[in-house]
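The structure is reproduced here in structure tokens:
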């Protein structure tokens, strides 16, 4: 949904902020300023352009007057630098001493600004927010909860300098009009009321389902729903709430996508669909697994074909609609497709134990370029992102976690197959984003995708939907140096690459394969060929060169090699060994063992040396393992392996000897790199001209110092 709107020269209703006709501009509306005791409102603005943007913000009270006092700075202006984000609390920005009900108009002569706002209270009892809505003459609130299901407070805002005449109509799920109301909104006025106060002639609101508003001038609407799950709220104490914008009727669509759904165990999801047409329509609901397949199984009814009356609605839980088990966690995404006419809708999900809630509007327009204006990934909060590929062509996505100045914290890449989806916490995609409390996200895809962000507290008390903000496809953040680029290869395998501008004495190019314990690893003898040829022959997913060897015709290893329980080379060189203790995935370990001792416990083993990390501390016994001081202290290309406390294996290469200006690493620097990656144990493999990393579908990804691959004795591969 567009998050700014331009002044239309043909409208008689002009906004209160004026820019000469012919100029491009951004006009952004923050529709809700918290009035709760100890409440707060924060906003974030992102400028994805190459020019600095001056933004004037004006706070209006509910009568439409500019909020003024001796202490208040209103209107007030801020600067949003090019490719940057600015986030502030309204109290800090305007100088409010107490929570003040009202709304905010933000105007800039620069086009393409986008934004997001949050409101909550200091006790962390509730938190929600939304994008900045687009004024329209016809809008719909697709969900009204009143009575046992909750309490809905509606705000209607006239951002124009002329009055607006409004007509409201409240419907039930069968499409029957329950009540109507008409009134005038003065210029800049906000009318805020719970549903019963808006329709005093109606006594029973138990059937209230959705609300339509028509206006003589474009208006915006925002709703706050409290205690949608009363039973959970009573058991958990104070309940979270949800806030959402009314949807323009022009955004109605025959197809709606919901990028993330979770239900079962302690979670619930509730779907709301509104038939915007004057005729009944049939709607097909389809629930997809994250891998893109349609959910099937005993008791599951999927897809579902349902009927919605003219101007009616469908409201039910995902569990009831599809037959998902209540005791099993089910995640994925949903698609709703109507045979005729258009729909609007939302999906509300939450946690029954903690009474947390979030609402995700149905999406109809897939995007190739979008931003999420707020990151909160520390201090007890998390940020997450869900992305789905609705098409039949593979989609390559990139997620940039950016600081408030637009510089990259890290980059995540993933290929999504047809209908495949991914839903992860930010630090699971961009590891360096752990603790990031400022900045924003940028999503780029080579095919149109649907996506949805989420903020939440780690104690489970609050959840906030963060919708994508469409921006120009010409915008691209700077990758820069010193940023990890993580490519998800699937099945618990991640390829990490980074250019260090200065590490270990100079410029470095580092590649890492992070393999979870579920990934099968083993050494393979090459037959005196290159790493890539041996890995392709073994149909591996990734590989690095292995142990040291002699330069005879057979390239005989001088370190221990054991494959499938069979020892091929002993450890007469008395060097450290990597071993896998079981035949399948099992325990991975690194040890320093005595001379001539067979590594009898290991099913697979590969020697290297020297050891680099022992039990979380750098430990480099290079002399006792037969290496010279020059080998240890000179900068060379390096290959090594680290094992994390959780069993994750880090296969690492660092280029050197001038390949691409890389200077290489000493063993001490290489050990520090492996430590920084998360290794608890680590050892060195053969390096220099042998250093090679190969990945299926990508080929050799590092820069071998000879200009091409050397033949090696063996490899360490992962499948």
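Residue numbers (my numbering): 355 to 1073. By construction, the Cβ of each residue, glycine as well, lies at the ideal position given by its N, Cα and C atoms. Here the structure is a predicted model, which is why all the values come from computation and not from measurement.
Next on the checklist: Does residue 419 pass the burial test, meaning 16 or more other C-beta atoms within 10 Å, or should it be called exposed?
Outcome noted: Within the chain shown, residue 419 is the residue found at index 65, counting from 1. Exposed.
Item to check | Nearest to residue 865 (by Cα), restricted to the options 612, 854, 467 and 871 | outcome: Along the chain shown, read from residue 1 onward, the residue named residue 865 stands at position 511. Taking only the C-alpha atoms, the option nearest residue 865 is 854.
Next on the checklist: Just to confirm my understanding: we take residue 852, look at its own chain, exclude 5 residues before and 5 after, and list those with CB closer than 6 Å. What are they?
Outcome noted: The count along the chain shown starts at 1 and reaches residue 852 at position 498. Closer than 6 Å at Cβ, skipping near neighbours: 838 and 864.
Next on the checklist: Suppose the cutoff is 7 Å on Cβ atoms and the five residues either side in sequence are ignored; what does the same chain contact list for residue 445 look like?
Outcome noted: Start at 1 with the first residue of the chain shown, and residue 445 comes out as number 91. Closer than 7 Å at the Cβ level, and outside the excluded window around residue 445, lie 394.
Checklist entry - What is the residue span of the alpha helix (DSSP H) that residue 890 lies within? => result Residue 890 sits at position 536 when you count from the first residue of the chain shown. Under the DSSP assignment, residue 890 falls in the alpha helix (DSSP H) whose first and last residues are 885-891.
Item to check | Coil, strand or helix - residue 773 by DSSP | outcome: In the chain shown, residue 773 corresponds to position 419, counting from 1. DSSP places residue 773 in coil when its eight states are reduced to three.
Checklist entry - Can you find a CB in chain B that lies within less than 7 Å of the CB of residue 527? => result Note that chain B does not occur in the displayed structure, where there is just one protein chain.
Next on the checklist: Residues in the same chain with beta-carbon distance under 7 Å from residue 438, minus the five sequence neighbours each way, listed in chain order, please.
Outcome noted: Start at 1 with the first residue of the chain shown, and residue 438 comes out as number 84. The beta carbon of residue 438 lies closer than 7 Å to those of 401, 758, 759 and 760 in the same chain, with the five residues before and after it left out.
Item to check | Which of helix, strand or coil DSSP assigns to residue 1011 | outcome: Indexing the chain shown from 1 puts residue 1011 at position 657. Looking at residue 1011 - three-state DSSP - the assignment turns out to be coil, as it is neither helix nor strand.
Checklist entry - What are the complete alpha helix (DSSP H) segments, minimum 4 residues, inside the region 536-569? => result Counting whole runs of 4 or more residues, the region 536-569 contains the alpha helix (DSSP H) stretches 549-552.
Checklist entry - Expressed to the nearest angstrom, what Euclidean distance is found between the alpha-carbon atoms of residue 795 and residue 716? => result Numbered from its first residue, the chain shown carries residue 795 at position 441. Numbered from its first residue, the chain shown carries residue 716 at position 362. If you take the alpha carbons of residue 795 and residue 716, they lie about 21 Å apart.
Checklist entry - Can the beta-carbon of residue 738 be found less than 7 Å from the beta-carbon of residue 791? => result Translated into the one-based positions of the chain shown, residue 738 becomes position 384. Translated into the one-based positions of the chain shown, residue 791 becomes position 437. Going by C-beta atoms, residue 738 is not nearer than 7 Å to residue 791.
Item to check | the region 698-714 contacting the region 606-626, beta-carbon criterion three pairs below 8 Å | outcome: Counting Cβ pairs under 8 Å, three or more are found: they touch.
Next on the checklist: In whole angstroms, give me the CA-to-CA distance for residue 516 and residue 397.
Outcome noted: In the chain shown, residue 516 corresponds to position 162, counting from 1. In the chain shown, residue 397 corresponds to position 43, counting from 1. The alpha-carbon separation between residue 516 and residue 397 amounts to approximately 27 Å.
Item to check | Residues of its chain near residue 976, where Cβ-Cβ distance is below 6 Å and the 5 sequence neighbours each way are ignored | outcome: Here residue 976 corresponds to residue number 622 of the chain shown, with the count starting at 1. Shown here for residue 976: same chain residues with a beta carbon closer than 6 Å to its own, the five before and five after excluded, namely 964 and 986 in chain order.
Checklist entry - With 16 other CB atoms within 10 Å as the buried threshold, where does residue 1081 fall? => result Residue 1081 is absent from the model: the chain starts at 355 and stops at 1073.
Item to check | Among 656, 719 and 634, the one whose alpha carbon lies nearest that of residue 693 | outcome: To locate residue 693, count along the chain shown from 1; it is residue 339. Relative to residue 693, the option among 656, 719 and 634 whose CA is nearest is 634.
Item to check | Local conformation of residue 840 per DSSP, three classes | outcome: Against the chain shown, residue 840 aligns to sequence position 486. Looking at residue 840 - three-state DSSP - the assignment turns out to be strand.
Item to check | residue 676 - containing alpha helix (DSSP H), residue span | outcome: Locating residue 676 in the chain shown gives position 322, counting from the first residue. DSSP places residue 676 inside the alpha helix (DSSP H), whose first and last residues are 672-676.
Next on the checklist: For residue 391, count the other beta carbons within 10 Å of its own beta carbon; 16 or more makes it buried, fewer makes it exposed. Which is it?
Outcome noted: On the chain shown, residue 391 is found 37 positions in, with the first residue counted as 1. Burial call: exposed.
Item to check | As assigned by DSSP and simplified to three states, the class of residue 605 | outcome: Here residue 605 corresponds to residue number 251 of the chain shown, with the count starting at 1. Correct three-state label for residue 605: helix.
Item to check | Beta-carbon proximity list for residue 1021, same chain, < 6 Å, skipping 5 on both sides | outcome: Mapped onto the chain shown, residue 1021 falls at position 667. Excluding sequence neighbours, residue 1021 sits near 974 and 986.
Next on the checklist: Going residue by residue through the region 787-811, where are the continuous beta strand (DSSP E) segments of at least 3 residues, counting only ones entirely within it?
Outcome noted: Fully contained in the region 787-811 are the following beta strand (DSSP E) runs of length 3 or more, in chain order: 794-811.
Item to check | Classification of residue 538 by the beta-carbon crowding that lies within 10 angstroms, buried from 16 upward | outcome: As a first step, residue 538 is located in the chain shown; it is residue number 184 there, counting from the start. Residue 538 comes out exposed.
Item to check | Three-way DSSP call (helix, strand, coil) for residue 1043 in this model | outcome: Sequence index remark: in the chain shown, residue 1043 carries index 689 (1-based). Here residue 1043 sits in helix by DSSP.
Item to check | Three-state class that DSSP yields for residue 781 in the structure shown | outcome: One-based indexing of the chain shown puts residue 781 at position 427. Of the three classes helix, strand and coil, the one that applies to residue 781 here is helix, per DSSP.
Item to check | residue 1026, enclosing alpha helix (DSSP H) - first and last residue | outcome: By 1-based counting over the chain shown, the position of residue 1026 is 672. Counting along the chain, the alpha helix (DSSP H) containing residue 1026 begins and ends at 1021-1031.
Next on the checklist: Between the alpha carbons of residue 541 and residue 512, how many angstroms are there, rounded?
Outcome noted: Residue 541 sits at position 187 when you count from the first residue of the chain shown. Residue 512 sits at position 158 when you count from the first residue of the chain shown. Approximately 6 Å, taken between the alpha carbons.
Checklist entry - What are the residues that DSSP puts in a beta bridge with residue 961? => result For the purposes of this step, residue 961 is taken as the residue at position 607 of the chain shown. Per DSSP, the beta-bridge partners of residue 961 are 931.
Checklist entry - The alpha helix (DSSP H) with residue 985 in it runs from where to where? => result Position 631 of the chain shown, counting from 1, holds the residue named residue 985. From DSSP, the alpha helix (DSSP H) with residue 985 extends over 983-987.
Item to check | Where residue 1141 falls: helix, strand or coil (DSSP) | outcome: Outside the displayed range of the chain (355 to 1073) lies residue 1141, so it cannot be described from this structure.
Checklist entry - Can you tell me the Cα-Cα spacing of residue 666 and residue 530, whole angstroms? => result The residue you call residue 666 lines up with position 312 of the chain shown. The residue you call residue 530 lines up with position 176 of the chain shown. Here the alpha carbon of residue 666 sits roughly 7 Å from the alpha carbon of residue 530.
Checklist entry - Any idea if residue 383 is buried or exposed, counting beta-carbon neighbours within 10 angstroms, 16 or more meaning buried? => result Within the chain shown, numbered from 1, the residue matching residue 383 stands at position 29. Within 10 angstroms of the beta-carbon of residue 383 lie 16 or more other beta-carbons, which makes it buried.
Item to check | Straight-line Cα distance separating residue 381 from residue 545 | outcome: Along the chain shown, read from residue 1 onward, the residue named residue 545 stands at position 191. Along the chain shown, read from residue 1 onward, the residue named residue 381 stands at position 27. Going by the C-alpha atoms only, they are around 20 Å apart.
Item to check | The beta strand (DSSP E) enclosing residue 697, as first and last residue numbers | outcome: What you label residue 697 is simply residue 343 of the chain shown in a count that begins at 1. Segment 697-705, the beta strand (DSSP E) holding residue 697.
Checklist entry - Quick check: the region 813-821 against the region 743-750, are there 3 or more CB pairs under 8 Å? => result Result no; under three Cβ-Cβ pairs closer than 8 Å.
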